[in-house]
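To keep things clear, I will list the structure first and then write my remarks on it.
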């Protein structure tokens, strides 16, 4: 996998790359602890988007004039950057979508219409985001298939024995999250993929929360499909990637119809374009793709080793400090976790706590985090979630702890 030279990890220098971190919220210096919802953007990505719109905008793939050809080259260069980034074998297997949600919907709809029939089954887990539940419910209802759900234990880890019990010849696809957005659990996706492949069952991995924190090699994982969003990995909103093995993508029907995804059109018959364009109907999010490529370059310059080490230090420190708060309980204590801490405080509603933290300039997420079945598993309405990126520091966590203590005094 190709990477650029990595800079020495200087947290203060990195923080200066993110303009929003210099802003205030409610008259206080902003403490941004909601990167699992959407990460902040470095100036390098913002400047690249601005440069594209100021000096390089034209539609791609169709124009013979210089500006269009340059935009097309920048667009396809970004595809190659993403291919290298996830170590996909071919650019044909890198499809640009609006985000992880559309990537899952594409597979559920297109793969589902081709391969899922009456009496078949789809296997997911209890910790899935709604975007990895609802599309499968829809296709199962349409096709007369069963949706199977593997349970999680009290620590927030998949019960692998139960999952493997649910794997049989009726299962046509497994779809699961790599890293839980609500718990931070890092799932053993490689082991699950290997087990599913023994039965010739393909696996889709929702990588939205993994890509910002850990290096993903789709060939090493042997994932059949892997999808993620740009806005969670320091890139623009509205852009994402679906990686799919060519052998599956070639067999699947198009997801959207329109321009670019066709070779020929008559009123009698349409023939479809080659991969990846078969799944990229219409004018794409050109600026989003180019900005995503810039985000890839930025992450490579920081280096995943630096990212993982720093974020692990933040996770350990935050866990230690939060556990000292009386009445606070962390939801999700898996042995392998990314930099997410979800918690509840006895006698305090998560929304009330989040509202007070907001007044103190601290941005956290409250609620069910689009994982209502998971919250039901723990018999709670929701949590407060603090999620960290490599631009956070221990001072951010100290501010969070002080804010929680202050809020608890006010609310109890």
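In our numbering, the protein residues as written are 840 to 1251.
C-beta: ideal position from N, C-alpha, C; glycine also.
| Query | Result |
| --- | --- |
| So residue 948 and residue 1094 are supposed to be a Cβ contact under 8 Å. How far apart are they, rounded? | 6 Å |
| With a threshold of 8 Å, are at least 3 pairs of Cβ atoms found where one atom belongs to the segment 1228-1238 and the other to the segment 973-990? | no |
| Residue 906 to residue 888, Cα distance in whole Å? | 16 Å |
| From the DSSP output, which residues share a beta bridge with residue 1079? | 936 and 1068 |
| Excluding the 5 residues preceding and the 5 following residue 1201 in the sequence, name in chain order all residues of the same chain whose CB lies nearer than 7 Å to its CB. | 870, 872, 1238, 1239 and 1242 |
| Beta-carbon separation of residue 1077 and residue 884 under 8 Å? | no |
| Alpha carbon to alpha carbon, how far is residue 1146 from residue 882? | 18 Å |
| How is residue 1182 classed by DSSP in three states: helix, strand or coil? | strand |
| Looking at the structure shown, is residue 863 part of a helix, part of a strand, or coil, going by DSSP? | strand |
| Could you say which of 849, 1222 and 1003 lies nearest to residue 1035 if we only look at CA atoms? | 1003 |
| Can we say the segment 1010-1017 touches the segment 1026-1046, given the rule of at least three CB pairs closer than 8 Å? | yes |
| Whose C-beta lies closer than 7 Å to the C-beta of residue 988 among residues of the same chain, with five residues either side of it excluded? | 963, 964 and 965 |
| Out of 1072, 1174, 1122 and 1192, which one is the CA nearest neighbour of residue 1133? | 1072 |
| Between the C-alpha atoms of residue 1141 and residue 1051, what's the straight-line distance to the nearest angstrom? | 12 Å |
| To the nearest angstrom, report how far apart residue 1190 and residue 1216 are at their CA atoms. | 20 Å |
| Would you be able to state if there are at least three C-beta pairs under 8 Å between the segment 1172-1183 and the segment 1081-1091? | no |
| How big is the Cα-Cα spacing for residue 843 and residue 922? | In this predicted model, residue 843 has a pLDDT of only 45, less than 50, meaning its place in the structure is not dependable; the value taken from the coordinates is given anyway. The alpha-carbon atoms of residue 843 and residue 922 are separated by roughly 14 Å. |
| Could you check the C-alpha separation between residue 1128 and residue 1054 for me, to the nearest Å? | 20 Å |
| Report back the beta-carbon spacing between residue 1250 and residue 1187 to the nearest angstrom; my notes put them in contact at under 8 Å. | 5 Å |
| Answer with buried or exposed for residue 1106, where buried requires no fewer than 16 other C-beta atoms within 10 angstroms of its C-beta. | exposed |
| Kindly indicate which residue of 1183, 1070 and 859 has the alpha-carbon position closest to the one of residue 1252. | This structure cannot speak to residue 1252, because the chain is shown only from 840 to 1251. |
| Label residue 1210 either buried or exposed according to how many other C-beta atoms from any shown protein chain fall within 10 Å of its C-beta, with 16 as the threshold for buried. | buried |
| Taking only three categories from DSSP, how would you classify residue 1128? | helix |
| Three-state secondary structure (DSSP) at residue 873? | strand |
| Where do the N-terminal and C-terminal ends of the beta strand (DSSP E) with residue 1014 fall, by residue? | 1010-1016 |
| Would a C-beta distance cut-off of 8 Å place residue 920 and residue 1057 closer than the cut-off? | no |
| When the distance is taken between beta carbons, is residue 1045 closer than 8 Å to residue 1024? | no |
| Comparing alpha-carbon positions, which option in 848, 1022, 955 and 997 lies nearest residue 875? | 1022 |
| Using only the alpha-carbon positions, how far apart do residue 940 and residue 1048 sit? | 12 Å |
| Would you tell me roughly how many angstroms separate the C-alpha atoms of residue 1118 and residue 1203, rounded to the nearest one? | 36 Å |
| Thinking residue 1099 and residue 1120 are a contact (beta carbons under 8 Å), I'd like their distance in whole angstroms, please. | 6 Å |
| Taking the beta strand (DSSP E) that residue 1168 belongs to, which residues open and close that run? | 1167-1170 |
| For residue 1104, which three-state DSSP category applies? | strand |
| Tell me where the beta strand (DSSP E) around residue 989 begins and ends. | 985-989 |
| When we look at the beta-carbon of residue 896 and count the other beta-carbons within 10 Å, is it buried (16 or more) or exposed? | exposed |
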